[in-house]
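Taking it in order: structure first as structure tokens, then the write-up.
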Amino acid sequence: MMMENQLRVGSEIWLKLPYGDLFMREHNKRNTVFIAGGTGITPFLSLFTHSSFHNYETPRIYLGFRSVELNIYQAEFKHLCNESAFVKNVYENLAGRLNIQQIYSENGTVPDYFISGPPEMIKTFKNYLIEKGVPTSQIKTDDWE
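Just remember that my numbering sits 1057 ahead of the position in the sequence shown, which is counted from 1.
Here it is, written out as structure tokens:
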């Protein structure tokens, strides 16, 4: 709304570009779980659609959206650069939110977990995994704050 009200042709703007080292951090590519809530999928897309994603053995991807209509990334997921990837979409209006207990029960303490999404989701999921015995070195987060 603010952009609509204030942005005008010829006005000066500042754009903050993505940055970070999320996938450059040391991690296991043989057993990797990616969890994204809403727009938290954004940092993952660059990896999932890049040829280097072939280096991951059977990656598991869990994506949470408020509704099917808000999953604007369906076209990108048709072109994943890893045919062995497991992808599960969870739509809040149909099945509730992503469930970290279920994700953990399907994957356990062995994988490296990448988590991206709203700050409260990241905090809750990370704390749950730590309580279950996943070493903090195996939990990578894309924190927004």
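Idealized CB from N, CA, C, for every residue including glycine.
Closest by C-alpha distance to residue i, when choosing among the options
i, options, result
"GLY1165", "GLU1061, HIS1084 and LYS1189", "LYS1189"
"PRO1116", "TYR1130, GLU1069 and PHE1101", "PHE1101"
"CYS1138", "ILE1179, SER1162 and SER1103", "SER1103"
"HIS1107", "ILE1092, GLN1063, GLU1133 and VAL1167", "GLU1133"
Residue-level contact to chain D via CB, residue i, 9 Å cutoff
i, result
"HIS1111", "In summary, chain D is missing from the structure at hand, where a single protein chain is found."
Distance cut-off 8 Å: residue i Cβ against heavy atoms of the ligand GTP
i, result
"GLU1133", "No copy of the ligand GTP occurs in the structure displayed, which carries no ligand at all."
Residue i - DSSP class collapsed to helix/strand/coil
i, result
"VAL1125", "helix"
Start-to-end residues for the beta strand (DSSP E) that takes in residue i
i, result
"ALA1093", "1089-1094"
"THR1106", "Run containing THR1106: none; DSSP gives neither H nor E here."
Start-to-end residues for the alpha helix (DSSP H) that takes in residue i
i, result
"LYS1145", "Premise fails: LYS1145 lies in the beta strand (DSSP E), 1143-1148, not in any alpha helix (DSSP H)."
"SER1194", "Here SER1194 belongs to no alpha helix (DSSP H), and DSSP marks it neither H nor E."
Beta-carbon gap between residue i and residue j smaller than 9 Å
i, j, result
"LYS1197", "ILE1172", "yes"
"TYR1113", "LYS1145", "no"
Exercise for the section: Could you tell me whether the segment 1121-1128 touches the segment 1142-1162, using the rule of 3 or more Cβ pairs below 8 Å? Expected result: yes
Exercise for the section: Could you tell me whether the segment 1061-1069 touches the segment 1077-1096, where touching means 3 or more Cβ pairs closer than 8 Å? Expected result: no
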